[in-house]
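Q:
Residue numbers (this note's numbering): 1 to 306.
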């Protein structure tokens with residue numbers, strides 16, 4: 001029997017360039033929700049879906065506006081919506097809704113105003129927010145953040161043991177020293193040595209990292225730590241190249257501290273899941289940079305005898 005889940009595959013089609021495919025994907029998701037289907041990962045899918053729905057109003061022609069608005073409201077008033085609002089910040093979500101409002105039928109304005117009020121109320125929860133001015137649906141210069149669908153092989157990542165080497169002209173933004181990644185042994189006895197460039201961040205991205213660090217350092221209650229782990233796992237590892245968390249290791253170090261001191265098996269398991277996914281993202285980068293076609297002056301892969 002087919003699993004009753006809504007996955008990334010269903011959501012991704014909402015951004016298709018062909019109107020017919022976009023609309024069919026929307027109706028398919030709405031039908032699944034009406035028939036009791038759930039997301040295979042509630043927080044991650046809520047985030048992906050919210051991004052696609054905000055983008056919906058940028059397409060022309062833009063049909064099914066009322067249905068999309070109701071779905072946005074459904075997400076933002078859910079438990080996962082509360083987490084997203086608190087971590088991205090109420091202002092970020094409100095700004096995105098107002099941008100969306102400028103592209104929709106005027107008859108829906110009262111419903112949008114009600115949604116804005118609900119978001120402001122929902123944003124008063126106990127999870128420390130990620131203080132960010134980053135819109136969810138696009139990146140424009142240094143003013144916006146595109147909620148990227150997934151970490152692709154085109155982003156830069158390293159091994160969990162590695163520290164990134166960056167160009168001497170770029171100063172580390174958090175005081176991380178320059179060094180190379182340790183040799184990675186392969187089954188045939190060779191070692192692969194990676195040198196990857198430093199990954200700079202815009203100011204608003206750094207604020208996001210600082211906010212999740214604050215959430216981990218100053219939890220309002222034990223459950224907020226679990227929320228922070230879930231947010232790191234399902235959102236931050238999607239939004240940021242994986243090596244960012246090694247170049248600026250505060251979050252990883254906080255996770256390690258909790259692993260040593262926590263008596264909660266739920267928390268330690270949540271942190272382990274974060275490390276497992278981070279490691280998988282980094283492994284993807286190793287394979288990517290093992291491709292000789294990716295060689296250039298600043299990103300090198302060399303193979304030497306072990």
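Here a beta-carbon is modelled for each residue, glycine too, at the ideal position from N, C-alpha and C.
Whose CA, out of 72, 88, 77, 47, lies closest to the CA of residue 210?
A: Within the chain shown, the letter at position 210 stands for residue 210. Of 72, 88, 77, 47, the residue nearest in Cα terms is 88.
Q: If you reduce the DSSP assignment to three classes, tell me which class residue 57 lands in.
A: Locating residue 57 in the chain shown gives position 57, where the first residue counts as 1. The answer is coil: DSSP assigns residue 57 none of H, G, I, E or B.
Q: Cα-Cα, which of 117, 277, 268, 5 is closest to residue 31?
A: Counting from 1 along the chain shown, the entry for residue 31 is found at position 31. Selected option, being the one with the closest Cα: 5.
Q: Would you kindly report the start and end of the unbroken alpha helix (DSSP H) that includes residue 222?
A: The residue labelled residue 222 in the question sits at position 222 within the chain shown. Residues 222 to 231.
Q: Identify, in the order they occur along the chain, each residue of the same chain with its Cβ nearer than 7 Å to the Cβ of residue 274, setting aside the five sequence neighbours on each side.
A: Translated into positions along the chain shown, residue 274 becomes position 274. The residues are 229, 232, 233, 255.
Q: With DSSP run on the structure shown, which of helix, strand or coil describes residue 287?
A: Residue 287 sits at position 287 when you count from the first residue of the chain shown. It is helical.
Q: What's the gap between the Cα of residue 258 and the Cα of residue 217?
A: Within the chain shown, the letter at position 258 stands for residue 258. Within the chain shown, the letter at position 217 stands for residue 217. About 10 Å.
Q: Which of helix, strand or coil does DSSP assign to residue 258?
A: On the chain shown, position 258 is the one that residue 258 refers to. Residue 258: helix per DSSP, three-state reduction.
Q: Taking DSSP as the reference, what is the three-state secondary structure of residue 263?
A: In the chain shown, counting from the first residue as 1, residue 263 sits at position 263. It is coil, neither helix nor strand.
Q: Quick check: what's the CA-CA separation for residue 43 versus residue 237?
A: Translated into positions along the chain shown, residue 43 becomes position 43. Translated into positions along the chain shown, residue 237 becomes position 237. Their backbone Cα atoms lie some 13 Å apart in a straight line.
Q: Under a three-way DSSP split, which group does residue 202 fall into?
A: Translated into positions along the chain shown, residue 202 becomes position 202. Coil at residue 202, not helix or strand.
Q: Look up residue 64 in the DSSP assignment and say whether it is helix, strand or coil.
A: Translated into positions along the chain shown, residue 64 becomes position 64. Here residue 64 sits in coil by DSSP.
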